[in-house]
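To start, the structure under review is shown below, and the notes come after it.
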Amino acid sequence: MAVSSVRLFNNLYPSRASLIAYSTLHSGFPNSLGYNSFRVKGGLVSSISGSSRVRASVKGKGERTEDYPLAGDSTDNKKVAESWPRSLQRDFAGTPYVPVYVMLPLGVIDRNCELVDPEGLTNQLRILKSVNVDGVMIDCWWGIVEAHAPQTYNWSGYRRLFQIVRDLGLKLQVVMSFHECGGNVGDDVNIPLPQWVREIGDSNPDIYFTDREGRSNTECLTWGIDKERVLRGRTAVEVYFDYMRNFRVEFDDFFVSGVIAEIEVGMGPCGELRYPSYPVKHGWKYPGIGEFQCYDKYLMKRLKKAAEIRGLTFWGRAPDNSGSYNSAPHETGFFRDGGDYDSYYGRFFLNWYSQILVDHGDRVLALANLAFEGTCIAAKLSGIHWWYKTASHAAELTSGFYNPAHRDGYAPIAAIALNFTCVELRTLNQHEGFPEAMADPEGLVWQVLNAAWDVSIPVASENALPCYDREGYNKILENAKPRNDPDGRHLSAFTYLRLNPALIERRNFVEFERFVKGMHGEAISDLPLN
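Residues 1 to 530 in our numbering are what the sequence shown spells out, letter by letter.
Quick look at the structure:
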């Protein structure tokens, strides 16, 4: 049930801002779904806890001299290794080095922009350093930093955190998070959009994405106001740029020293480049196809304009036969086999809808490229794998990915760069839980990876839900370093979600250390040498 991601790096393409696609393939359900609901059916995430305590210590590269406590049982490494059939293991020694980062807890910085429990966090980071983790990822929340007034920024807690990370010799992946936190998978805190933005939304709800029933989604701003001066005299992209530029100036020393290795730019709900087409708060349940989200007045104005330019003004509307959030494709006139999605009007609308997504990505990443010149830039792309084996790929279409069976909808997005999830999921697991969903996470991962690799864009990845078991880790390793790839292609980095007490329990941490060694291309003692 875990979701992983792929990032592509734009600093390799100086002539054009490229999206480092950070895609999130959902393990049976998307990021906005409750974790406990599907945990058993997915079968990929298993938490193993224990009671006794052991101790680990840190000194440089793998040596252990100074003691730091680990929670967990007393099972030794040999017993843990024996729990996995040797016939299914692959030796990753000598394979390319893939850096491993760990996401920090969502609540590590509070709403007042103060660092929570610096001593406890420092001890946890030392434990990560003891197994040679390369760095950590942290969200810099718009709703915290610019909370009270336009262009009034408070970075204090982040500076203290960054100093701790630097002192421990770790690197940073920093996320410019322009969405709200709360209500999605793994969200244990609530961070809304800035107060001054919400005040604007109270009088003008069209600044948010809106569904057919007129319900606004306050998780992020609609792309319809990218160029509209409705945010106290600024457009949405100007607000994002000012925020990014202020961050670059504030943390110049961390950029110059190379501590900040990558900037990921939030593009939509959950920080992903997609429409909020499957919101749980509006009643969506997996594997519903979702709904189009273009009914705010700004996007509708652009749709009508596009239809006028096309010379067919009556096309200036969204489909009226596309079902509802929890419909299946075959239940709708638009998405069924041979449906209107492939009509002249359907192709016009879907081209327009997906181009809005691509244009937003291009626009924001171009500004990020200006703000963070010389730094790797990433963006997150969600992996909508349910209904992937149908002709229309309905769930992808409502999310903004024009990827029906006869068209490659990810190549245009890979042209700006991506980070993609679902790396540790198997198609078999999806069929066991929801066979009617016609899901294919492996097929989707393969399509997205190749869309990026075919144009020489490096790809990074992450899991979206906790993973502690060897099966899940081995799946990530296999996707990170494809066996017998004639071109030797591999992920450029991997980010583990997320630092928590369960990860550093003894048995879980032994598996995690083994996984890090595999990603780094080091020999693993419990593997037979072939």
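Backbone N, C-alpha and C fix where the C-beta goes; we use that ideal spot for every residue, glycine too.
As the structure is a computational prediction, the values presented were derived from the model and not from experiment.
Rounded to whole angstroms, what is the Cα-Cα separation between Q430 and P441? Low per-residue confidence applies at Q430: pLDDT is 47, beneath 50, and the placement is therefore not dependable, though the value from the model is reported in the following sentence. Approximately 8 Å between the Cα atoms of the pair.
Look up T122 in the DSSP assignment and give the residues it is bridged to. Paired residues: none, contrary to the question.
6 Å Cβ shell around G268 - same chain, five flanking residues per side excluded: C220 and R274
Report back the beta-carbon spacing between V175 and I144 to the nearest angstrom; my notes put them in contact at under 8 Å. The beta-carbon separation of V175 and I144, rounded to 12 Å, does not stay under the 8 Å limit for a contact.
Looking only at its chain, what residues have a beta carbon closer than 6 Å to the beta carbon of E283, apart from the 5 residues adjacent to it on each side? The sequence given here places Gly at residue 283; Glu does not occur at that position. Within the same chain, G283 has close Cβ partners Y325.
Every unbroken alpha helix (DSSP H) within the stretch 296-360, with a cutoff of 4 residues, ordered by chain: You should have 297-310.
Buried versus exposed call for H360 [16 or more other C-beta atoms within 10 Å across all chains shown]: buried
For the candidate residues G266, Y468 and V364, whose alpha-carbon lies nearest to that of E511? Answer by Cα proximity: Y468.
Starting from G283, follow its DSSP beta bridges and name the residues at the other end. Its beta-bridge partners do not exist; DSSP assigns none.
Roughly how many angstroms lie between the CA atoms of E222 and P287, to the nearest whole one? The residue you asked about is not Glu; residue 222 is Thr in the sequence shown. If you take the alpha carbons of T222 and P287, they lie about 24 Å apart.
Check this for me: beta carbons of V102 and G135, under 9 Å apart or not? Taking 9 Å as the Cβ cut-off, V102 and G135 qualify as a contacting pair.
Between which two residues does the alpha helix (DSSP H) holding W453 run? Annotation: the continuous alpha helix (DSSP H) that includes W453 extends over P441 to W453.
Among E264, E114, R126 and R212, whose alpha-carbon lies nearest the alpha-carbon of F178? E264
F531, DSSP secondary structure in three states: Residue 531 lies beyond the range of the chain shown here (1 to 530); nothing can be said about it.
Please name the residue or residues paired with S525 in a DSSP beta bridge. S525 is not bridged to any residue.
Distance, Y153 Cα to R159 Cα: Each residue's Cα considered, the two are about 13 Å apart.
Where does S216 fall in DSSP's three states? strand
Could you give the residue range of the alpha helix (DSSP H) that holds G169? Unbroken run through G169: none, as it is neither H nor E.
Identify, in the order they occur along the chain, each residue of the same chain with its Cβ nearer than 7 Å to the Cβ of E272, setting aside the five sequence neighbours on each side. T24, K380, L381 and S382
Between which residues of its own chain and A93 is the CB-CB distance below 6 Å, once the five residues before and five after are set aside? Within the same chain, A93 has close Cβ partners A523.
Could you tell me how far apart the beta carbons of Q124 and L499 are, in whole angstroms, since I believe they sit closer than 8 Å? Contact between Q124 and L499 holds, with the beta-carbon distance rounding to 6 Å and staying under 8 Å.
Which whole runs of the alpha helix (DSSP H) in the stretch 459-484 are 4 residues long or more, in chain order? 470-480
By the three-class DSSP mapping on this structure, what secondary structure does R211 have? A small fix is needed here, since residue 211 is Asp in this sequence, not Arg. Here D211 sits in coil by DSSP.
Helix or strand or just coil, what does DSSP make of D206? helix
According to DSSP, is W386 helix, strand or coil? coil
Could you check the C-alpha separation between G346 and F334 for me, to the nearest Å? 8 Å
First and last residue of the uninterrupted beta strand (DSSP E) at M103: V100 to M103
For D110, the nearest candidate out of D188, N132 and I377 (CA to CA): D188
So, are the CB atoms of R212 and E291 less than 9 Å apart? yes
Leaving out five residues before and five after T313 in sequence, what residues of the same chain have Cβ atoms less than 7 Å from its Cβ? A307
Residues near E82 in its chain [Cβ-Cβ closer than 7 Å; skip 5 each side]: No answer about E82 holds up, because its pLDDT of 46 lies below 50 and its placement is not dependable.
If you check the beta carbons only, do R126 and L161 fall under 9 Å apart? no
Whole angstroms is fine: what's the gap from L491's alpha carbon to I309's? Linking L491 to I309 through their CA atoms gives a straight-line distance of about 42 Å.
Considering Cα atoms alone, identify which of N321, N217, V98 and S156 is closest to V280. N217
With DSSP collapsed to three states, give me the class of F251. coil
Secondary structure at G531, three-state DSSP: helix, strand or coil? With the chain covering 1 to 530 only, the question about residue 531 has no answer from this structure.
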